[in-house]
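Heads up: the sequence lines are chains B and G, in that order. Anchor point for the first sequence: position 147 equals 151 in the numbering used here, and the numbering is continuous, going up by one each time. Anchor point for the second sequence: position 94 equals 98 in the numbering used here, and the numbering is continuous, going up by one each time.
Number of protein chains: 2
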Amino acid sequence: MRRTSLKTANCPVARSLDVIGDWWSLLIVRDAFRGLRRFSQFQKSLGLARNILTVRLRGLVADGIMELVPASDGGARHEYVLTGKGRDLLPVLLALRQWGIACFPDGAPWGSELVERETGRPIRKLELRAEDGRPIMPADVELRVVQTP
Amino acid sequence: MRRTSLKTANCPVARSLDVIGDWWSLLIVRDAFRGLRRFSQFQKSLGLARNILTVRLRGLVADGIMELVPASDGGARHEYVLTGKGRDLLPVLLALRQWGIACFPDGAPWGSELVERETGRPIRKLELRAEDGRPIMPADVELRVVQTP
Numbered sequence: 005m006r007r008t009s010l011k012t013a014n015c016p017v018a019r020s021l022d023v024i025g026d027w028w029s030l031l032i033v034r035d036a037f038r039g040l041r042r043f044s045q046f047q048k049s050l051g052l053a054r055n056i057l058t059v060r061l062r063g064l065v066a067d068g069i070m071e072l073v074p075a076s077d078g079g080a081r082h083e084y085v086l087t088g089k090g091r092d093l094l095p096v097l098l099a100l101r102q103w104g105i106a107c108f109p110d111g112a113p114w115g116s117e118l119v120e121r122e123t124g125r126p127i128r129k130l131e132l133r134a135e136d137g138r139p140i141m142p143a144d145v146e147l148r149v150v151q152t153p
Numbered sequence: 005m006r007r008t009s010l011k012t013a014n015c016p017v018a019r020s021l022d023v024i025g026d027w028w029s030l031l032i033v034r035d036a037f038r039g040l041r042r043f044s045q046f047q048k049s050l051g052l053a054r055n056i057l058t059v060r061l062r063g064l065v066a067d068g069i070m071e072l073v074p075a076s077d078g079g080a081r082h083e084y085v086l087t088g089k090g091r092d093l094l095p096v097l098l099a100l101r102q103w104g105i106a107c108f109p110d111g112a113p114w115g116s117e118l119v120e121r122e123t124g125r126p127i128r129k130l131e132l133r134a135e136d137g138r139p140i141m142p143a144d145v146e147l148r149v150v151q152t153p
């Protein structure tokens, strides 16, 4: 089910969703953040048919979000790792995570937390902030349309 | 095309995507943030078939992200507005927006900016921060699996 491409849409939210607005693609990125690298690992985690997973992984590589690298054990298979652009999706995943925890707390207790690598301490929640750094609420924010010349 | 429900998945990212992981649903939420309220306004903005838009709006209402209110002009039609849970999606949209601007700058110049309602000044970018408030990069963060008893 492919729809109109929005890759060159005016709205950057639409451009992002064009690339990672597929439910499975973001879950693959999530799994890559938690250290999965092999096709078989993604397949086991997501319970996804091989052909669908193949298409999603190819798409993520084509869009520069993941890249193929030689297997870390020196074997014949390759592995999938996040590129810089892929790692830059962390705020998107973190925002989705916060919203999921706040709005759908009836899931099982979640089995992971995001920590700073160096200190092992949990990172802060994402916060909306005004230009001068004050924390603000979603209700304090509005989208202003900018007239283009 | 409905897939396994992840509403009660362990992972809060999966729970969120179960609800708003549909490309159109997040674009409807985006449009609601920029002030659209009527069925016809969403239809015009998204270029979406009536039946598909109807299903998406019903889903957003059923999930408590939008609600139906009487039309602001006192007419017979109703309008769709974001609930608190819907407004709480702003960090998700903002994270997608930032990523879209950074990674796909070849879209047309975007036609909007997010400003603080009271001051009219642009809000800050979302930032990853350590527990003590230091800004950190995605590469500094890791996902730690928590053993559940």
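The C-beta atom is built at its ideal place from N, Cα and C for all residues, glycine as well.
Asked, Found
"Alpha carbon of alanine 66 of chain G to alpha carbon of glutamate 117 of chain G, nearest angstrom", "30 Å"
"Distance between proline 74 of chain B and leucine 61 of chain G (C-alpha atoms, nearest Å)", "45 Å"
"Whether aspartate 144 of chain B touches glutamate 120 of chain G by CB criterion (8 Å)", "yes"
"Simplified DSSP assignment, three categories, for proline 153 of chain G", "A caution first: proline 153 of chain G carries a pLDDT of 48, below 50, which makes its placement in the model unreliable, though a value can still be read off. Coil."
"Residues, ordered as in the chain, of the region 87-113 of chain G that lie near chain B by beta-carbon distance below 8 Å", "Lys89, Arg91, Asp92, Leu93, Leu94, Pro95, Val96, Leu97, Leu98, Ala99, Leu100, Arg101, Gln102, Trp103, Gly104, Ile105, Ala106, Cys107, Phe108, Asp110, Gly111, Ala112 and Pro113"
"Leucine 57 of chain B to glutamine 47 of chain B span [Cα, whole Å]", "7 Å"
"Any C-beta of chain G under 8 Å from that of threonine 58 of chain B", "no"
"Selected residue, minimal CA-CA separation from threonine 87 of chain G, among B/Arg91, B/Arg81 and B/Cys107", "B/Cys107"
"Leucine 118 of chain B - containing beta strand (DSSP E), residue span", "116-120"
"Backbone secondary structure at leucine 130 of chain B - three-state DSSP", "coil"
"8 Å Cβ cutoff met for glutamate 135 of chain G and arginine 125 of chain B", "yes"
"Straight-line Cα distance separating proline 95 of chain G from tryptophan 103 of chain G", "12 Å"
"8 Å Cβ cut-off: residues of chain G touching alanine 66 of chain B", "Going along chain G, no residue has its Cβ under 8 Å from alanine 66 of chain B, so there is no contact; the nearest lies around 14 Å."
"Assigned secondary structure, arginine 42 of chain B (DSSP; H/G/I helix, E/B strand, else coil)", "coil"
"Buried/exposed call for proline 16 of chain B, threshold 16 Cβ in 10 Å", "buried"
"Proximal residues, the region 29-52 of chain B versus chain G, C-beta separation under 7 Å", "Leu30, Leu31, Arg34, Phe37 and Arg38"
"Straight-line Cα distance separating isoleucine 32 of chain B from tryptophan 28 of chain G", "20 Å"
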